[in-house]
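The sequence shown runs 1 to 195 under full-length UniProt numbering.
No residue lacks a Cβ here, since even glycine has one placed at the ideal position from N, Cα and C.
All values derive from a computational prediction rather than experimental measurement.
Heads up, the thing below is written out as structure tokens.
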Amino acid sequence: MHEVGNAGGTSAVLLRRAASGDQQAWQELVDRNASVVWGVSRAFTSNTADAEDIYQATWLLLAENLGRLREPESLSGWLVTTARRESMRLRRARQRESPIGLDTGDLGPPDHGADPEHKVLQAMTNSRLAQSFAQLPQRCQQLLRVLAVAPETTYSQVSQALGVPRGTIGPKKSRCLAELRRRMLAAEMPEEVAG
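Here's what the structure looks like:
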């Protein structure tokens, strides 16, 4: 993938400039690739703090390796792979810390402006969504997270981040969303029957 921007040139040029201490080149690299790195970071965890750790570790590793990348023109691929590896490293560390537990993370900011009835209904929906999402297979959770957090991420980048063929992403997304919808509806049924 040959990345070209309107201001600073190719990723290879920006990497060389950043390696020589050019802060503007570094900022351009970050600006161009931040959403992809964040999307991959969020794809592997719903916990914002963990995603931030992965994001920061990925950029730190790039800073440490600026002049040593073998294929600087493929920077986005390197960042995706590095973020994925950092995600796996963090997951292994978390599993050693807590072998049992559900990573529900945070599903977004609360809406403080809504009326109390709306807040209760929204909380119930969010709870069902979180429970239904947590029951999905891990691969579905990862795919839906990366697509939700970084919708501008291309299928090629998602493919590389998750290690799946590009052509399977659209159909897999449809199946995962259908399964999530099915689980959400199943979670609603007991309340509708009782009410």
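- Annotated three-state conformation of residue 10 is strand, per DSSP.
- By the Cβ criterion, the region 173-188 is not in contact with the region 54-61, since fewer than three pairs of Cβ atoms, one from each stretch, lie closer than 8 Å.
- Taken atom to atom, the span from the alpha-carbon of residue 143 to that of residue 133 is near 12 Å.
- No residue range can be given for residue 164, since it is assigned to no alpha helix (DSSP H) and is classified by DSSP as neither H nor E.
- For the pair of segments examined, the region 40-51 was found not to touch the region 7-25: the number of CB pairs separated by less than 8 Å stays below three.
- Around the beta-carbon of residue 18, 16 or more other beta-carbon atoms lie within 10 Å, marking it buried.
- Nearest neighbour of residue 88 by Cα position, chosen from 43, 167, 119, turns out to be 43.
- Contact annotation: residue 53 and residue 79 have beta-carbon atoms that are not nearer than 8 Å.
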